[in-house]
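Chemist: Using our numbering, read the sequence shown as starting at 220 and increasing by one per residue. Every residue, glycine too, gets a C-beta built ideally from N, C-alpha and C.
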Amino acid sequence: MNFPLPFQNHLAWMLCFGLLGFGALPSGTASAATPGDTTWVRAHDARDLVWNEAYDAYGEFPDASTSYGRILLYFTLGCASSGCSDWDYTVLLSLVDTATSTEYELGRCITPYGGYMRNGLKGFNNNWTRTFVYDVTDFAGLLQDRQKLRIYYDGWSSGFAGTMDFAFIEGTPPRPVLSVSSVYHSGASDWNYSNSADFESAYLPARTLAMPVGTSSARLRVTPSGHGFDNTDFCAEFCERDYSVRINGTERFRQSMWREDCGYNPVYPQAGTWLYDRANWCPGAEAWTHFHEYTPESGAASVALDLDIDAYSWSGPQTPSYLLDASWVCYGAFNHILDAELLDILSPSTETEHARFNPSCGRPLVRIGNNGSEPLTSCTIAYGIVGGTVCYQPWSGNLLYGESEEVALNNISWPDAGSLSPRFFARVEGPNGSSDEVAWNNEKQTRFDRVPVYENSFVVWMRTNARPDQNAWTIRNDLGEVVASRTVFDGPFLLHEDTVYLPDGCYHFQLTDQAKDGLEFFANADGTGILRFARTSGGFLASFSADFGTQLDHNFTTGLEQGGVNSSESCEVTGLPDDVGGMGIAALTLLIYPNPARESLMVEWITAQPSAGLQITLRNLAGATVWQRAFDVDQGGPLRIALDGLVPGLYVLDAWSGGQRARQLVAIEY
Ligand SMILES: [Ca+2]
Ligand SMILES: [Ca+2]
Ligand SMILES: [Ca+2]
């Protein structure tokens, strides 16, 4: 069925798994009714989920009068008031449109083997929570006024708890939603796969989907998960299969229903087989939603769509089954041509999602994306510690609408991390050398923890288990260069003591396991290994969980606190716009006076005020930065640069604002 949505209220973000860091929130300050302002709505508040049933609550959502650029569902899973269950159960989150009795799935996650959380073992206790974030902007037309929100807990023993928080971020969406249709929806009913023909005719028949007048693009969002395994093919939980989608008779999309990162789950270790890869889910993690973009023929009023799971046969006591949800969303024309986004700060971060490689002292890692209709081919990423030196790094690539990319940034000036509660920020500027049409999604900030400090020389103290051939470790410096490693071990159940000497700096230790089952796992016969760092003088510096799955990552410094590390990279140099006036970089027209200058230098823009903040750097002719500062957009002009303490001579002034740059030689006199 098709439900027309009366309001242009949508943002389509094709995240590979619809997750954003909870702490990586937009950094804009709130004021009345401006883009980026966020309205929060809570629908379930630590609701105990203790039996296999639907838990309903009503959300009081904003009315249709305000436009939202994005709507996110933050679902926080925790232990029930009676404690966490031992088992991995499916949790389905949905909106129930009571007018049509249609249930729209908004997200799906699987509980962890929660005995560890309940019992206070392995670093967990009853206060454990994990927040999953789902982009539900496609359902904007339904998330209005009073609506029924459902948590279906597919578990048979107590229990877990769930909280639903919706964030409505004001703004104009990239393209308006014209309609959203539920195409396939199992809900919590297992769809049994006896054989392909029966399965397809019963659950996944071909559909004809109407498209409203004005549809210029559409997408299919599909969330599948496979369950059951007591059969010859271990299907559908432990067998990798594809689904394919035909539109008007032609196969347009093919997608594996598999997650191969369960052994790198940030919620670890757990009881049970937490590290086995599965059919699009992991215990304690979310089921991924796959997004398929489609451009219909101009004027087409409908499409014929058919989703099929690849045919297979099996035998044995347990029938494979699937939970599957698919929605079809039709959109009007794009609202923005150029809209880059800072999607996530992966490192430094305190997010559970990124806990495997944080805290960090090394290169920051961010994810940028394109929400505009024009491919994003370049931008500048400004970043650093809030209130400290601003670093700039140019990025180039080719991101189509909805695509994203991780970007490793050059090291930041960690001495700026000296404040009590430092925050890190990253911001995209100047997409394709031009102005960004949507400002609210350009910047995010994170809080972060310090890494531990070790002595310059210590011992990597590792006892192998029965399968040392699966393991190797490396230590890399902050440039990513391997400075110590062991890739071959002398034999099983042997202690290896490797003394390393590391000059003052930031380092990344990594231990890998090709079998993805760590140095200890209850469900194999490999016995138990041990990994510790030890002092050369005796005693241990650090101990690590042997039950780590795929890979163990650990960042640390030697000799200095994190805040004292001077990176061997310099972000100021990297970010200098040496190609001012070159291709793709618009000139920023500034008036810089007087020149020569004595006590101060004034900077004023000649034409329009810059749309992004203005950064100004002064370098001497040896290339050393002698003065640097970022100005807010609304600072107004002219800006005054005090020249106190600068020796007379020639200096290079560089100014950036978004994708616009200016450079001028200035002289300072006595
Ligand atoms: Ca089918
Ligand atoms: Ca933007
Ligand atoms: Ca192993």
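Assuming the contact rule is C-beta atoms closer than 8 Å, V871 and L884 should be a hit. Round their C-beta distance to whole Å, please.
Modeler: Translated into positions along the sequence shown, residue 871 becomes position 652. Translated into positions along the sequence shown, residue 884 becomes position 665. Right, the Cβ-Cβ distance comes to about 6 Å (below 8 Å), so this counts as a contact.
Chemist: Please say whether R438 and H511 have beta carbons closer to each other than 7 Å?
Modeler: As a working note, residue 511 is residue 292 in the sequence shown. As a working note, residue 438 is residue 219 in the sequence shown. Yes, these two residues count as a Cβ contact at 7 Å.
Chemist: Under 6 Å from any heavy atom of ligand 1, does the C-beta of Y572 make it?
Modeler: As a working mapping, residue 572 is identified with position 353 in the sequence shown. Sequence inspection shows Glu at residue 572; the Tyr mentioned does not correspond to that position. No, since every heavy atom of ligand 1 falls outside the 6 Å radius drawn around the Cβ of E572.
Chemist: Hey, could you find the ends of the alpha helix (DSSP H) A262 is sitting in?
Modeler: Numbered from its first residue, the sequence shown carries residue 262 at position 43. Unbroken run through A262 is the beta strand (DSSP E), 257-268; no alpha helix (DSSP H).
Chemist: Specify, as a first and last residue, the run of the alpha helix (DSSP H) that D417 falls within.
Modeler: Within the sequence shown, numbered from 1, the residue matching residue 417 stands at position 198. Per DSSP, D417 belongs to the alpha helix (DSSP H) from 415-422.
Chemist: Which residue or residues does DSSP assign as beta-bridge partners of N411?
Modeler: As a position in the sequence shown, residue 411 is number 192, starting the count at 1. In DSSP, N411 forms a bridge with S540.
Chemist: If you check the beta carbons only, do G758 and N675 fall under 7 Å apart?
Modeler: Here residue 758 refers to the residue found at position 539 of the sequence shown. Here residue 675 refers to the residue found at position 456 of the sequence shown. Against a cut-off of 7 Å, the Cβ pair of N675 and G758 comes out as no contact.
Chemist: Under the assumption that M476 contacts D452 (Cβ atoms under 8 Å), give the Cβ distance between them as a whole number of angstroms.
Modeler: Working through the sequence shown from its first residue, we reach residue 476 at position 257. Working through the sequence shown from its first residue, we reach residue 452 at position 233. Contact flag wrong, Cβ pair sits at about 14 Å.
Chemist: Tell me, which residues are paired with N690 by DSSP?
Modeler: Here residue 690 refers to the residue found at position 471 when the sequence shown is read from its first residue. For N690, which the question treats as bridged, DSSP gives the partners D732.
Chemist: Output yes or no for whether 7 Å exceeds the beta carbon distance between L397 and P431.
Modeler: For this step, residue 397 is matched to residue 178 along the sequence shown. For this step, residue 431 is matched to residue 212 along the sequence shown. A contact, by the Cβ cut-off of 7 Å.
Chemist: In the DSSP assignment, what are the bridge partners of W500?
Modeler: By 1-based counting over the sequence shown, the position of residue 500 is 281. In DSSP, W500 forms no bridge with anything.
Chemist: Please determine, among L292, L312, A490, L738, the residue with the shortest C-alpha to C-alpha distance to C303.
Modeler: Within the sequence shown, numbered from 1, the residue matching residue 303 stands at position 84. With distances taken between Cα atoms, C303 lies closest to A490.
Chemist: Would you kindly work out how many angstroms separate the C-alpha atoms of D267 and N338, rounded to a whole number?
Modeler: Counted from its first residue, the sequence shown places residue 267 at position 48. Counted from its first residue, the sequence shown places residue 338 at position 119. So the alpha carbons of these two residues sit roughly 18 Å apart.
Chemist: Just checking D766 against ligand 3 - is the residue's beta carbon closer than 6 Å to any of the ligand's heavy atoms?
Modeler: Indexing the sequence shown from 1 puts residue 766 at position 547. For ligand 3, not one heavy atom lies less than 6 Å from the Cβ of D766.
Chemist: Say yes only if the C-beta of L423 is nearer than 6 Å to one or more non-hydrogen atoms of ligand 1, and no if none qualify.
Modeler: Numbered from its first residue, the sequence shown carries residue 423 at position 204. At least one heavy atom of ligand 1 is nearer than 6 Å to the Cβ of L423, so yes.
Chemist: What first and last residue would you give for the beta strand (DSSP E) that runs through R471?
Modeler: If you number the sequence shown from 1, residue 471 lands on position 252. Taken as a continuous stretch (DSSP letters only), the beta strand (DSSP E) holding R471 covers 469-476.
Chemist: Taking the Cβ atom as the reference point for each residue, do Y293 and T350 lie within a distance shorter than 7 Å?
Modeler: As a first step, residue 293 is located in the sequence shown; it is residue number 74 there, counting from the start. As a first step, residue 350 is located in the sequence shown; it is residue number 131 there, counting from the start. Cβ distance < 7 Å, so Y293 and T350 count as in contact.
Chemist: When DSSP builds the beta bridges, which residues end up paired with F752?
Modeler: Sequence index remark: in the sequence shown, residue 752 carries index 533 (1-based). Answer by DSSP bridge pairing, in chain order: V679, A761.
Chemist: For L833, tell me which candidate among V402, L619, G877 has the shortest Cα-Cα distance.
Modeler: One-based indexing of the sequence shown puts residue 833 at position 614. Looking at the Cα atoms, G877 is the closest of the given residues.
Chemist: For D745, does the count of other Cβ atoms within 10 angstroms reach 16, so buried, or fall short, so exposed?
Modeler: The sequence position of residue 745 within the sequence shown is 526, counting from 1. Burial call: buried.
Chemist: Taking only runs that begin and end inside the region 512-563, name each unbroken beta strand (DSSP E) of 3 or more residues, in chain order.
Modeler: With a minimum length of 3 residues, the continuous beta strand (DSSP E) runs that stay inside the region 512-563 are 521-528, 540-550.
Chemist: L314 and R327: beta carbons closer than 7 Å?
Modeler: Counting from 1 along the sequence shown, the entry for residue 314 is found at position 95. Counting from 1 along the sequence shown, the entry for residue 327 is found at position 108. Cβ distance not < 7 Å, so L314 and R327 don't count as in contact.
Chemist: Which residues does DSSP list as the beta-bridge partners of L809?
Modeler: Here residue 809 corresponds to residue number 590 of the sequence shown, with the count starting at 1. L809 is bridged to W824.
Chemist: Just list the residues that DSSP pairs N839 with in beta bridges.
Modeler: By 1-based counting over the sequence shown, the position of residue 839 is 620. BP columns for N839 point to Y870.
Chemist: Following the continuous beta strand (DSSP E) through G603, name the residue where it begins and the one where it ends.
Modeler: Stepping through the sequence shown from its first residue, residue 603 is reached at position 384. From DSSP, the beta strand (DSSP E) with G603 extends over 595-604.
Chemist: Which residue spans inside the region 352-416 form an unbroken beta strand (DSSP E) run of at least 3?
Modeler: You should have 365-372, 379-389, 396-404.
Chemist: Looking only at C-alpha atoms, which of R365, M821, I860, I290 sits nearest to G390?
Modeler: Against the sequence shown, residue 390 aligns to sequence position 171. Residue I290 is the option with its Cα nearest to G390.
Chemist: Could you say which of F343, I388, Y422 lies nearest to D354 if we only look at CA atoms?
Modeler: As a first step, residue 354 is located in the sequence shown; it is residue number 135 there, counting from the start. When each option's Cα is compared against that of D354, the closest is I388.
Chemist: Does the Cβ of L557 have 16 or more other Cβ atoms within 10 Å, making it buried, or fewer, making it exposed?
Modeler: Here the question's residue 557 lines up with position 338 in the sequence shown. With 16 or more Cβ atoms within 10 Å of its Cβ, L557 is classed as buried.
Chemist: Going by alpha carbons, who is nearest to T253 out of L428, T321, F667, A658?
Modeler: Translated into positions along the sequence shown, residue 253 becomes position 34. The option with the nearest alpha carbon to T253 is A658.
Chemist: Below 8 Å CB to CB, which residues in the same chain sit around D373 once its five sequence neighbours on both sides are set aside?
Modeler: Looking up residue 373 in the sequence shown gives position 154. N271, Y308, T309, V310, L311, A407.
Chemist: Rounded to the nearest angstrom, how far is the Cβ of G278 from that of A262, given a contact under 8 Å?
Modeler: Locating residue 278 in the sequence shown gives position 59, counting from the first residue. Locating residue 262 in the sequence shown gives position 43, counting from the first residue. Sure, about 4 Å apart at Cβ, within 8 Å.
Chemist: Less than 6 Å separating the Cβ of A265 from some heavy atom of ligand 3?
Modeler: Start at 1 with the first residue of the sequence shown, and residue 265 comes out as number 46. Every heavy atom of ligand 3 is 6 Å or more from the Cβ of A265, so no.
Chemist: Between which two residues does the alpha helix (DSSP H) harbouring R337 extend?
Modeler: Residue 337 sits at position 118 when you count from the first residue of the sequence shown. Note, R337: alpha helix (DSSP H), 334-338.
Chemist: Between which two residues does the beta strand (DSSP E) carrying F850 extend?
Modeler: Taking the first residue of the sequence shown as 1, we reach residue 850 at position 631. Taken as a continuous stretch (DSSP letters only), the beta strand (DSSP E) holding F850 covers 844-850.
Chemist: Does DSSP classify F576 as helix, strand or coil?
Modeler: In the sequence shown, counting from the first residue as 1, residue 576 sits at position 357. Of the three classes helix, strand and coil, the one that applies to F576 here is helix, per DSSP.
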